[in-house]
Amino acid sequence: MTQSFEPELYQGQFGEFTLTADDRKGVVIYRAGLLTAVLCFALGVGLVLWHVDKSVLQGLTFLYTGFCLALGVSLLTIHIYMAALHRALQVFWVIGCLAAVAIGHLDPEPFALTVYNQPLSILGIGFTFAALTGIFFKEAVCFNRLETKFLTPIVPLLLLGHMVGWLPLPLEQGLLALWALLFLVFAVRKVIQPIPPDIGDKSVFAYLEQQRLTKAKAAS
Numbered sequence: 152m153t154q155s156f157e158p159e160l161y162q163g164q165f166g167e168f169t170l171t172a173d174d175r176k177g178v179v180i181y182r183a184g185l186l187t188a189v190l191c192f193a194l195g196v197g198l199v200l201w202h203v204d205k206s207v208l209q210g211l212t213f214l215y216t217g218f219c220l221a222l223g224v225s226l227l228t229i230h231i232y233m234a235a236l237h238r239a240l241q242v243f244w245v246i247g248c249l250a251a252v253a254i255g256h257l258d259p260e261p262f263a264l265t266v267y268n269q270p271l272s273i274l275g276i277g278f279t280f281a282a283l284t285g286i287f288f289k290e291a292v293c294f295n296r297l298e299t300k301f302l303t304p305i306v307p308l309l310l311l312g313h314m315v316g317w318l319p320l321p322l323e324q325g326l327l328a329l330w331a332l333l334f335l336v337f338a339v340r341k342v343i344q345p346i347p348p349d350i351g352d353k354s355v356f357a358y359l360e361q362q363r364l365t366k367a368k369a370a371s
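The numbering of the sequence shown is this note's numbering, which starts it at 152 and goes up by one.
Shown next as structure tokens:
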């Protein structure tokens, strides 16, 4: 997918722009991050729902680490027109990861058990999933993907519902399984989607950057 190719010329909203091999490489990395994240997440969900013993639950920590790192790669390479929103999602990811590190080192129990038994820990790691929800929302708005329209409310519903104790266990398990399934569908569909739409209209990025520089000069 990243073999050499001639830059393609497109007409954007604010002028012509080209898509280069580096643009395409960035999209491939973004999608690879999503696919890696969902594989870690889905495997972790499978372990949780199969009621494995405590020793196997230790492996969830490694899967969660892989999920977070892969999500971070996707957040680094995703194309979002609003720079402030892009930065906000990245900041959310950092906060969530720092919270996970703190939980993992301060509590002797396996990470997954700590989060389940101490719902208020979601106030910390929930930032990571807020960043993930931001990706789902962006994809729902930009590409009208049905699965992301469901994922956008499911993620906060499950996390907040568990945190305040509103959801019965069977419903939590059902929502968790649905989340994993729809996330997998989303990631697989992204892999087979044409690359240019994920890059977007580069003339918009150039225009917004020019507006930012103009405002910065005016302020100085």
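Note that the Cβ used here is the ideal one computed from N, Cα and C, for glycine as well.
Contact annotation: A338 and L240 have beta-carbon atoms that are not nearer than 9 Å. Around D258, the same chain offers T265 as residues with beta carbons nearer than 6 Å, after the five sequence neighbours per side are excluded. Within the segment 272 to 352, the complete alpha helix (DSSP H) runs of at least 4 residues fall at 273 to 294, 297 to 315, 320 to 343, 347 to 350. For Y181, the closest alpha carbon among the candidates T216, L200, T228 is that of T228. Of A369, Q361, L332, V178, the smallest CA-CA separation from L297 is found for L332. In the three-state reduction of the DSSP assignment, T171 falls in the coil class, being assigned neither a helical nor a strand state. Put simply, the backbone Cα of D173 is about 13 Å away from that of H230. Under the 8 Å Cβ criterion, the segment 295 to 315 counts as touching the segment 267 to 283, having at least three qualifying pairs.
Out of L226, V189, F165, the CA that lies nearest to the CA of R340 is found in V189. Excluding sequence positions up to five before and after T303, its CB lies within less than 8 Å of the CB of T284, F287, F288, A291, all in the same chain and listed in chain order.
Nearest Cα to G195 within the set A183, G177, V178, Y215: Y215. The distance from the Cβ of W201 to that of L226 is about 30 Å, inconsistent with a contact at the 8 Å cut-off. Between A251 and C293 the beta-carbon gap is near 29 Å, outside 8 Å, which marks them as no contact. Restricting attention to P347, V306, L308, W317, the CA atom closest to the CA of K176 is found in P347. Burial check for I343: the Cβ neighbour count within 10 Å stays below 16, so the residue is exposed. The C-beta of L236 has fewer than 16 other C-beta atoms within 10 Å across all chains shown, which makes the residue exposed.
Less than 9 Å separates the beta-carbon of E323 from that of L309.
The alpha-carbon separation between T212 and F262 amounts to approximately 6 Å.
Counting every other CB atom within 10 Å of its CB across the protein chains shown gives L222 a total of 16 or more, marking it as buried. A residue is called buried when at least 16 other Cβ atoms come within 10 angstroms of its Cβ; G197 does not meet this threshold and is exposed. As the crow flies, the alpha-carbon of V242 is around 32 Å from that of P319.
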